[in-house]
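Heads up: the sequence shown is residues 1 to 187, going by full-length UniProt numbering.
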Amino acid sequence: MRCSWCGDDPLYQQYHDHEWGVPCRDAQKLFEMLLLEGFQAGLSWITVLRKRAHYRLIYRGFDAGFMANQTDTELQELLQDAGIIRNRLKVYGARRNAQAWLVLSEQHDPVEWLWQFVGGTPQINHLASLRDAPTSTLAAEAMSKALKKAGFTFVGPTICYAFMQATGMVMDHVTECFRYNALRGAD
């Protein structure tokens, strides 16, 4: 049995089975997921998953240096690309977040900095149903506040909590899900 949110879509199931809730300590992947969660704001996650390969292509594998230096003209061209979510605030926000990521990376190990909000260890929840999962926590609120202070955008507490779930900082697979036992001791 899987968590019900992934339904029967093969792409969603692949993501659920191999990525969601798996502790990630790779700075590049964390940066990618933080930006993708921001693109997801107000939309379904499957929409972002279906566009992720194209995002990886246009952002050169989520190269923060490349993204941080994109010109307004380049961003305007991106807004014409049907392969992405063409929201002006999100497209320009991705550049801003790349710039903030570079500054953060100069000052801190971004992996340790992000993981500090869960004490460096995955927080394992024991959910009987996804209805029991919060949409935010004090840790997500603290991460959101710190990211905003560092210059990031599209990092509200709900987005931060979804990011924490996606990257295994928080493990919210329901106890009936086959991934629950595999991940409850992972790190």
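Glycine included, every Cβ here is placed at the ideal spot set by N, Cα and C. No experiment lies behind these values; they were computed from the predicted model shown.
Tell me which residue opens and which closes the alpha helix (DSSP H) that residue i is part of.
i	result
C177	Run containing C177: none; DSSP gives neither H nor E here.
G38	27-40
W5	Looking at the DSSP string, W5 is not in any alpha helix (DSSP H), and its letter there is neither H nor E.
T153	Unbroken run through T153: none, as it is neither H nor E.
F163	157-166
V48	45-58
In angstroms with no decimal places, state the Cα-to-Cα distance between residue i and residue j.
i	j	result
L183	R88	37 Å
G21	E77	34 Å
V48	T121	27 Å
residue 188	C24	Absent from the structure is residue 188, since the part of the chain shown begins at 1 and ends at 187.
Y161	F39	14 Å
R50	I84	9 Å
T158	T73	31 Å
Y55	L35	10 Å
Q80	L11	25 Å
L57	D9	23 Å
M33	T137	19 Å
R60	A53	10 Å
E176	R131	14 Å
E106	W113	12 Å
Q70	N181	43 Å
A82	E141	33 Å
G185	S129	20 Å
Leaving out the 5 sequence neighbours to the left and right, which residues in its chain are closer than 7 Å to residue i when beta-carbon positions are compared?
i	result
T153	G93, R96, N97
A68	R95, A98, Q99, L102
T135	T158, Y161
F163	M33, L34, E37
L75	V91, Y92, R95
K148	V155
A41	F154, I159
Residues in its own chain within less than 8 Å of residue i by CB, not counting five upstream and five downstream?
i	result
H16	R2, C3, W5, C6, R179
V118	A139, M164, M169, V170
Taking 6 Å as the limit between beta carbons, can you name the residues of its chain near residue i, skipping five residues before and five after?
i	result
S144	V155, G156, P157, C160
A150	A100, L104
Q13	C6
Original post:
Can at least three beta-carbon pairs, one atom from the segment 101-113 and one from the segment 64-76, be found at a separation below 8 Å?
Top reply: yes
Original post:
Are at least three pairs of beta-carbons, each pair with one atom in the segment 154-167 and one in the segment 11-30, less than 8 Å apart?
Top reply: yes
Subject >> Stretch pair the segment 170-187 + the segment 113-128: three plus CB contacts closer than 8 Å >> reply: yes
Subject >> Whole alpha helix (DSSP H) elements within the segment 67-126, 4-residue minimum >> reply: 72-78, 88-107, 110-115
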